[in-house]
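Residue numbers (the working numbering), protein chains in the order written: chain A, 60 to 351; chain B, 3 to 273.
Here you go:
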């Protein structure tokens with residue numbers, strides 16, 4: 060009879076221990092520190108010692124129009140981007156959900172935007188959007204529309220950035236929905252065909268309801284990331300023109316690493332984190348309801 | 003018969019337009035990287051031009067791109083390697099002992115905005131003199147790689163029959179030995195998926211490296227970004243740099259296409 064060793068007896072603690080320790084040190088402790096800093100007025104450049112000021116940094120940040128605008132803009136950007144991605148991604152997936160010559164190649168193409176470096180993608184789109192030499196304005200002029208300033212104008216910058224996000228992430232929604240469609244059972248379809256249902260009735264009555272939990276899951280993933288979008292916006296506009304494309308993540312970055320107002324920056328980060336958490340919980344609830 | 007052929011034609015027209023929409027930024031980037039400055043700023047934009055390699059020779063000659071390439075590789079390979087080291091046992095434990103809470107704990111790292119750890123890291127790494135060090139960058143990139151690895155591998159291990167370890171254990175092997183010598187060798191596809199994806203995410207990361215690295219450890223995305231800020235008009239050079247930075251991730255994706263699709267969509271479908 061082999062005696063069970065110490066390692067084996069405690070495997071369920073010892074195996075995950077290094078990963079737990081790492082996450083504690085690198086994530087839990089830093090987040091706690093950020094929350095702590097949000098109750099201070101610490102400013103790295105002022106040279107003054109850190110002072111606990113209760114909720115005063117919160118009051119300062121919430122009294123700042125630039126912050127309130129950034130909250131609204133974060134929601135606007137996320138709603139537009141995720142909305143378009145969900146609808147377009149589902150349409151593309153329904154379209155590709157059949158056997159055809161070149162399907163493998165098409166799936167490979169859909170992967171490219173997902174793995175391409177976002178900073179570089181942003182720069183390429185900046186060349187495309189360039190008001191004087193960009194292809195975008197050339198296309199407008201060919202179809203007889205007036206030129207646009209795209210990301211250089213406060214009124215069009217959010218729309219132009221949403222287009223880039225939609226270009227980059229619709230393929231992911233499509234791939235997820237395609238995988239969901241491939242996993243649907245055949246029985247309801249056979250029954251519907253026996254009953255003489257039309258293609259349209261099958262789509263709205265069977266396919267979409269059955270694949271809805273997958274679509275909602277894709278939307279959760281996208282919402283969490285869209286709320287945090289940083290690379291593309293920072294690389295393309297740096298939050299400008301003026302403050303016109305500053306989302307919470309970009310504003311938090313500027314407060315942290317350009318103004319070094321660590322107290323107020325931490326307030327912004329806490330708010331961003333709570334929004335991401337709140338939105339994920341909300342959509343997860345919606346998904347659970349759709350599954351019942 | 004005729005009607006079927008027309009439907010096919012329309013179908014392929016739509017497919018080709020979709021492919022063009024996905025591809026055109028890449029094609030425009032690629033073609034611009036072979037254009038002279040004159041061709042790039044021409045109006046209307048030129049679709050036909052005499053290609054030149056001068057952007058590539060200039061970017062790789064003047065810029066220290068090779069060094070940044072090495073930096074990105076050091077950071078990516080180390081972060082993924084270390085994350086596999088601590089992530090694989092954790093994923094196994096989550097799968098075999100149904101440690102649901104533990105998996106949520108590690109996946110919160112995927113949910114959290116990275117900037118909420120970056121600010122404290124910046125303060126702490128400055129205090130202990132780790133700014134612009136490989137150690138700081140690797141640690142930060144591990145927080146990108148670890149959740150991906152745990153997420154993919156825990157569901158992979160769930161699919162490996164538990165009888166395999168049990169029969170080894172009946173023969174006298176310890177559980178940790180069975181994990182090392184039986185389970186891991188069987189998990190090649192899962193490990194390829196997790197490694198490829200987490201390496202690409204580390205390779206593409208901008209925010210962590212932008213704050214934690216300076217001249218010595220600068221990675222490619224930062225180099226490309228800086229290149230734009232001081233060479234705004236040199237579009238050809240910037241596009242050549244953009245091609246160079248995207249190439250490794252795209253090659254990896256082509257090589258491991260099946261795995262990448264699986265990794266990106268898994269979990270989402272299971273619900």
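Where a beta carbon is used, it is the ideal one built from N, C-alpha and C, also for glycine.
In the three-state scheme derived from DSSP, where H, G and I count as helix and E and B as strand, residue 328 of chain A is classed as helix. Taking each of B/141, B/162 and B/237 in turn and checking the Cα distance to residue 43 of chain B, the smallest one comes out for B/237.
Taking a Cβ-Cβ cut-off of 8 Å, residue 144 of chain A has no neighbours in chain B, whose nearest Cβ is about 13 Å from it.
The DSSP-derived three-state label of residue 243 of chain A is coil. The closest CA to that of residue 304 of chain A, considering only A/88, A/292 and A/167, is found on A/292. Under the DSSP assignment, residue 44 of chain B falls outside any alpha helix (DSSP H); it carries neither an H nor an E label.
Only buried fits residue 143 of chain B, as 16 or more other CB atoms lie within 10 angstroms of its CB.
Cβ-Cβ distances below 6 Å link residue 77 of chain A to nothing in the same chain once the five nearest sequence neighbours on each side are left out.
In the three-state reduction of the DSSP assignment, residue 132 of chain B falls in the coil class. Look at the region 173-199 of chain B: the residues with a C-beta under 7 Å from a C-beta of chain A are 174, 176, 177 and 178.
Annotation for residue 268 of chain A: the continuous alpha helix (DSSP H) segment containing it runs 267-286. Between residue 86 of chain B and residue 197 of chain B, the CB-CB gap stays under 8 Å. Using beta-carbon distances, residue 332 of chain A counts as an interface residue toward chain B, with a partner under 8 Å. Under the three-state reduction of DSSP output, residue 114 of chain A falls in the coil class, being neither helix nor strand.
Contiguous alpha helix (DSSP H) elements confined to the region 16-91 of chain B occur at 39-42 and 56-64, taking only those with 4 or more residues. For residue 209 of chain A, the closest Cβ of chain B is not nearer than 8 Å. For residue 206 of chain B, the enclosing alpha helix (DSSP H) covers residues 190-206. In this structure, the CA atom of residue 97 of chain A is about 12 Å from the CA atom of residue 315 of chain A.
Counting only Cβ-Cβ distances below 9 Å, residue 11 of chain B has no contacts in chain A at all, with the closest Cβ about 12 Å away.
About 7 Å separates the beta carbons of residue 223 of chain B and residue 247 of chain B, which is inside the 8 Å limit, making them a contact pair. DSSP places residue 185 of chain A inside the alpha helix (DSSP H), whose first and last residues are 177-188.
Per DSSP, reduced to three states, the secondary structure at residue 99 of chain A is strand.
In its chain, beyond the 5 residues on either side, 42, 237, 238 and 241 have a beta carbon closer than 8 Å to the beta carbon of residue 34 of chain B.
The C-beta of residue 323 of chain A has 16 or more other C-beta atoms within 10 Å across all chains shown, which makes the residue buried. The C-beta of residue 64 of chain A comes closer than 8 Å to at least one C-beta of chain B.
Rounded to the nearest angstrom, the gap between the Cα atoms of residue 161 of chain B and residue 93 of chain B is 12 Å.
Inter-segment contact for the region 278-289 of chain A and the region 80-92 of chain A is absent: fewer than three beta-carbon pairs are separated by less than 8 Å.
When the alpha-carbon of residue 179 of chain A is set against those of B/22, B/90 and B/221, the nearest one is in B/221.
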